[in-house]
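**Student:** Could you have a look at this structure, given as structure tokens, before my questions?
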Ligand SMILES: Cc1cc2nc3c(=O)[nH]c(=O)nc-3n(C[C@H](O)[C@H](O)[C@H](O)COP(=O)(O)O)c2cc1C
Ligand SMILES: Cc1cc2nc3c(=O)[nH]c(=O)nc-3n(C[C@H](O)[C@H](O)[C@H](O)COP(=O)(O)O)c2cc1C
């Protein structure tokens, strides 16, 4: 689900194609679509929890997450609308950090287009997973259908009140491959560190998306590049992911 | 490393023994000692990254993490000293969330006891992993020993300036088993939800450590308990982890 469809279509940005490659390379692992979402909670303290990647919003790089409108994170996000995803792929040792503004789309949203997206997310999840939004406690499965009335769900019924779509709009992106050595490459308005992955293949170590790189780091990379020559995957100053 | 030694000794709190069980049950996975640490960064926005569990501080429940004094998280923690760990165990579908105060112990710490802990953490990590603190950029391996002078490290030399120990003192704890249905049990000053794990065995779903449970959740659990009888692992109102 998460790796295909809309996700595979509009690979608009370099980080998006990197992420797609990681999703494809780890698709055999159920947990490859789980990541940790950090928000700022009560008293300005951090909060962190595992959530499931529900794909990209069509024709955009925005990341979708389903959640319960009654969960703590909703109040937190309404208070501070930023989140940072930390997405670690256990098989390929790759870490993606993606931060940005989070839009909370619940049933009271005034924009019809957003309500449509929420409906699509509802029907896009299994009937079983929709059931958890009917119980009295956010995020818990209903253990026994006849235990709680209303537990029977008409598969054609639209989203219930508790169902909420979160949409994170990526603003900053950073990539790290724990098995890699770094390379540098300039990119129009982005500084990219290219790497030679030790165990064969190639990838990117860190992209400071729209940010300047630490000067000492830059000097060091120039030194590394000088010593070992450019990685073969970089041609004409353009990033090429094999 | 992380699962044994000091960790196995002082199982003072229920959450600690639960965590120890998860560590033991997932010890065959290299990534079972990796978790995501959220902090509050620039502009009050959340930050989130993967770090390695370096065991509990001796005779306590405090969680140790090694890091580079030059990394962004240091400034963030100095500004807001709280963190939340989200630790997901991929094989057992268990999630631990642990939040609390983080103490930054670098070489300038005025307390001899803390400096000793830092030294112990330094010698407790491999010589290879110590090398990354010698490079010009936090957290990056040195790709080639002769590339940068000073890359040769005397294994008996104490911690370098960049080496920093983080110590998180758990204050709030929450547990979730994605494969479980909930059970409730009162605990002196804690409310515990006991579960019957669907796929055999038993575990705890959620512990609101020192916090009151949502009333609707409580009513629902009472109803579930009434219907299915208490889980066998609970005897004399005491938590018993099989
Ligand atoms: C494997 C796994 C997947 C999860 N997926 C989601 C999810 O997609 N959305 C969600 O809201 N919570 C999900 N949860 C539960 C969250 O981790 C968290 O416990 C819950 O959302 C309450 O968080 P909050 O109190 O910070 O809002 C998942 C938990 C696990 C263990
Ligand atoms: C598998 C893995 C393990 C890591 N372990 C640590 C660690 O133990 N300590 C650490 O400071 N950074 C560790 N990192 C790097 C962090 O994720 C992060 O990139 C780095 O600490 C810089 O974070 P900051 O800029 O937020 O301070 C690890 C990364 C990966 C992918």
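Protein chains in written order, with our numbering: chain U, 18 to 259; chain E, 18 to 259.
By construction, the Cβ of each residue, glycine as well, lies at the ideal position given by its N, Cα and C atoms.
Regarding residue 113(E) and ligand 1, is the C-beta to nearest heavy atom distance less than 7 Å?
**Tutor:** Not so, every heavy atom of ligand 1 lies at least 7 Å from the Cβ.
**Student:** Taking all protein chains shown into account, decide if residue 213(E) is buried (16 or more other Cβ within 10 angstroms of its Cβ) or exposed.
**Tutor:** Note that residue 213(E) scores a pLDDT of 33, beneath 50, so its modelled location is shaky; the value from the coordinates is reported in the next line. Label assigned to residue 213(E): buried.
**Student:** Give a yes or no on whether 8 Å exceeds the smallest Cβ distance from residue 149(E) to chain U.
**Tutor:** Not closer than 8 Å to any Cβ of chain U, the Cβ of residue 149(E) fails to qualify, so no.
**Student:** Below 7 Å between beta carbons is the criterion; list the residues of the segment 64 to 87 of chain U that meet it against any residue of chain E, in chain order.
**Tutor:** Taking 7 Å as the Cβ-Cβ cut-off against chain E, the residues of the segment 64 to 87 of chain U that qualify are 64, 65, 66 and 67.
**Student:** If you draw a straight line from the alpha carbon of residue 85(E) to that of residue 174(U), how long is it in whole angstroms?
**Tutor:** Looking at the two C-alpha atoms, the distance is approximately 52 Å.
**Student:** Looking at chain U, is there any beta carbon in it that lies within less than 8 Å of the beta carbon of residue 181(E)?
**Tutor:** No, because no Cβ of chain U sits closer than 8 Å to the Cβ of residue 181(E).
**Student:** Against chain U, which members of the segment 97 to 127 of chain E pass a CB distance test of less than 8 Å?
**Tutor:** Correct list: 97, 99, 100, 101, 102, 103, 105, 107, 112, 114 and 116.
**Student:** Is residue 260(U) a contact residue of ligand 1, with contact defined as CB to any heavy atom under 7 Å?
**Tutor:** Outside the displayed range of chain U (18 to 259) lies residue 260(U), so it cannot be described from this structure.
**Student:** Using DSSP with H/G/I as helix, E/B as strand and the rest coil, what is residue 185(U)?
**Tutor:** Three-state DSSP puts residue 185(U) in a strand.
**Student:** What residue does the alpha helix (DSSP H) around residue 138(E) start on, and which one ends it?
**Tutor:** Unbroken alpha helix (DSSP H) run through residue 138(E): 129 to 141.
**Student:** So what does DSSP say about residue 64(U), is it helix, strand or coil?
**Tutor:** Note: residue 64(U) maps to strand in three-state DSSP.
**Student:** So, is residue 128(E) buried or exposed, given that buried needs 16 or more other C-beta atoms within 10 angstroms?
**Tutor:** So residue 128(E) ends up on the exposed side.
**Student:** Between the segment 132 to 151 of chain E and the segment 169 to 189 of chain E, are three or more C-beta pairs nearer than 8 Å?
**Tutor:** The segment 132 to 151 of chain E vs the segment 169 to 189 of chain E: in contact.
**Student:** Cβ of residue 68(E) within 7 Å of any heavy atom in ligand 2?
**Tutor:** Yes, the beta carbon of residue 68(E) sits closer than 7 Å to at least one heavy atom of ligand 2.
**Student:** Which word fits residue 111(U), buried or exposed, when buried means at least 16 other C-beta atoms lie within 10 angstroms of its C-beta?
**Tutor:** Buried: at least 16 other Cβ atoms inside 10 Å.
**Student:** Exposed or buried, which one is residue 49(U) when buried takes at least 16 other CB atoms within 10 Å?
**Tutor:** Buried: at least 16 other Cβ atoms inside 10 Å.
**Student:** Could you tell me which chain U residues have their CB closer than 8 Å to the CB of residue 50(E), listed as they occur along the chain?
**Tutor:** Simply none; closest approach about 12 Å.
**Student:** Residue 62(U) versus chain E: which residues are under 8 Å apart at the beta carbon?
**Tutor:** Simply 57, 97, 99, 101 and 116.
**Student:** If you pair each beta-carbon of the segment 33 to 53 of chain E with each one of the segment 67 to 76 of chain E, do three or more pairs fall below 8 Å?
**Tutor:** They touch, by the three-pair rule.
**Student:** Within 8 Å, do at least three Cβ pairs link the segment 55 to 62 of chain U to the segment 95 to 112 of chain U?
**Tutor:** Touching, yes.
**Student:** When we look at the beta-carbon of residue 93(U) and count the other beta-carbons within 10 Å, is it buried (16 or more) or exposed?
**Tutor:** So residue 93(U) counts as buried.
**Student:** If we ignore side chains and look at the alpha-carbon of each, how far apart do residue 124(U) and residue 145(E) end up?
**Tutor:** Answer to the nearest angstrom: the Cα atoms are 53 Å apart.
**Student:** Thinking C-alpha only, which one of 33(U), 81(U), 191(U) and 44(U) is nearest residue 184(U)?
**Tutor:** With distances taken between Cα atoms, residue 184(U) lies closest to 81(U).
**Student:** Which of helix, strand or coil does DSSP assign to residue 46(E)?
**Tutor:** Three-state result, residue 46(E): coil.
**Student:** Just checking residue 104(U) against ligand 2 - is the residue's beta carbon closer than 7 Å to any of the ligand's heavy atoms?
**Tutor:** Answer for residue 104(U): no, Cβ out of range of ligand 2.
**Student:** Please report whether the beta-carbon of residue 53(U) lies at a distance below 8 Å from any beta-carbon of chain E.
**Tutor:** Chain E contact via Cβ: present.
**Student:** Heavy atom of ligand 1 less than 7 Å from the Cβ of residue 86(U), yes or no?
**Tutor:** Every heavy atom of ligand 1 is 7 Å or more from the Cβ of residue 86(U), so no.
**Student:** By Cβ distance below 6 Å, which residues in the same chain neighbour residue 115(U) in space, the five residues on each side in sequence not counted?
**Tutor:** Counting only Cβ-Cβ distances below 6 Å, and skipping sequence neighbours, we find 102, 187 and 190.
**Student:** Report the residue from 133(E), 34(E), 135(E) and 97(E) whose alpha carbon sits nearest the alpha carbon of residue 61(E).
**Tutor:** When only C-alpha atoms are compared, the closest one is 97(E).
**Student:** Could you give the C-beta distance for residue 109(U) and residue 39(U), rounded to a whole number, given that I count them as a contact under 8 Å?
**Tutor:** With a Cβ gap of about 6 Å, residue 109(U) and residue 39(U) count as contacting.
**Student:** Taking only heavy atoms of ligand 4 into account, decide whether any of them is closer than 7 Å to the Cβ of residue 82(U).
**Tutor:** As far as ligands go, the structure on display features ligand 1 and ligand 2 and does not contain ligand 4.
**Student:** Would you kindly check if the distance between the Cβ of residue 91(U) and the Cβ of residue 181(U) is under 8 Å?
**Tutor:** Result yes, Cβ atoms of residue 181(U) and residue 91(U) sit closer than 8 Å.
**Student:** Is residue 121(U) buried or exposed, if buried means 16 or more other CB atoms sit within 10 Å of its CB?
**Tutor:** Result: buried.
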